[in-house]
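Participant: Encoded as structure tokens, here's the structure I'll be asking about.
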Amino acid sequence: MFENMVGLWNGANMELLRTVLEVNLICSRKWVETVRYPAANGFYYEMAMERTVAETDWKSLETLAGKAIKENQQFERWHNKYKVHIIDDKIPDGTSTTVYRCGPLIDLYYGPHIPDAGGIKAWAITKLRHPDAPHFKTFPDITPRLFLAVCSSELHIVLPRRRRKLQRVYGISFPDKKLMDEHMEFLEQAKNSDHRRIGQDTTNSSLTFLRAFIFESEYRKRGFHEALSSDMYNTKLWEISGHLTNYK
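In terms of the working numbering, the sequence shown opens at residue 430 and continues consecutively.
Written out as structure tokens, the structure is:
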């Protein structure tokens, strides 16, 4: 049953993550451009803001999320004609979008969600990705200036744009704490068996040979060297990777 609710679950939890980020870190900003995505292993939010999110922020974010869950805050779908007016330039003609409210946050999202936050029994921040990370994507930064035309009762928004890198905060949640514990244990085991890490830790125990053939001379002319995979390995390497039991 839970597998069939992944879309509902991730959508609701992305809104919860957005809520605690805005309330705890960036509530003083009049405008924050955010992008939300479901992730293969949970969910995450990207945001443009003045400060950098740090691991020291995790506890306060998780505390706020726990408060929202305890209050059983509802995920409500709203229709607002004024919001529709503002996003006319972003939504193609003939289509529509939706707005949801989670506690103090009102946000655009296609939905649907689970009914309320009370069904979330385990919620945690799992990872940060900062704008200085290699190959990090950029997103148009939106700095609006609002002009109220009182006589015509119309709201006009001028949106100058420039490219700006976004921070990303990852999170994950489960309807049961036991599922969270099992998932975290699985991730830790996977981390310990990650061949990229094992390779770095055991490099000094492996021997790699360069062979001198005619191709080698051609490689050298072009600035290349042919490297063969190791012929000898330390037994400890196979114990760590879990492959040793496959050999007799």
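Beta carbons are placed, not taken as given, at the ideal position from N, Cα and C, and that holds for glycine. A quick note: this is a predicted structure, and the numbers were derived from the prediction, not measured.
#1: According to DSSP, Ile554 sits in a beta bridge with which residue or residues?
#2: What is the DSSP secondary structure of Tyr473, counted as helix, strand or coil?
#3: Just confirm the distance between the C-beta atoms of Arg447 and Tyr474, as a whole number of angstroms; I'd bet it's less than 8 Å.
#4: Between Pro521, Ala483, Val452, Ala546, which lies nearest to Gly495 when the distance is taken from Cα to Cα?
#5: Return the CA-CA distance between Gly471 and Gly600, expressed in angstroms with no decimal places.
#6: For Ile549, which of helix, strand or coil comes out of DSSP?
#7: Pick out whichever of Ile549, His542, Gly532 has its Cα sitting closest to the Cα of Gln502.
#8: Out of Ser489, Met443, Ser622, Ala483, which has the shortest C-alpha to C-alpha gap to Ile535?
#9: Sort out for me which residues DSSP pairs Asp536 with in a bridge.
#10: How would you label Tyr538, buried or exposed, when you count the other beta carbons within 10 angstroms and need 16 or more for buried?
#11: Relative to the C-alpha of Lys556, which residue among Ile669, Thr485, Glu645 is closest?
#12: What's the C-alpha gap between Ala619 and Ile627?
#13: With DSSP as the reference, label Arg480 as helix, strand or coil.
#14: If you count every other CB in all the chains shown that lies within 10 Å of the CB of Leu616, and 16 or more means buried, which is it?
#15: My guess is that Ile549 and Phe504 are in contact by the Cβ rule of under 8 Å, so how many angstroms apart are they, rounded?
#16: Roughly how many angstroms separate the alpha carbons of Met476 and Asp522, rounded to a whole number?
#17: Consult DSSP for Arg626 and reduce its assignment to one of helix, strand or coil.
#18: Sort out for me which residues DSSP pairs Gln503 with in a bridge.
#19: Among the residues of its own chain, which have a CB less than 6 Å from the CB of Leu673, if the five just before and after it don't count?
Facilitator: Checking against the coordinates, here is how it stands:
#1: Gly600
#2: strand
#3: 5 Å
#4: Ala546
#5: So the two alpha carbons sit approximately 6 Å from each other.
#6: Here Ile549 sits in coil by DSSP.
#7: Gly532
#8: Ranking the options by Cα distance to Ile535, first place goes to Met443.
#9: Paired residues: Tyr529.
#10: buried
#11: Thr485
#12: A direct Cα-to-Cα measurement between Ala619 and Ile627 gives close to 11 Å.
#13: coil
#14: Its Cβ having fewer than 16 others within 10 Å, Leu616 is exposed.
#15: The pair is not a contact, with the Cβ atoms about 11 Å apart (cut-off 8 Å).
#16: 27 Å
#17: helix
#18: Asp545
#19: Trp667
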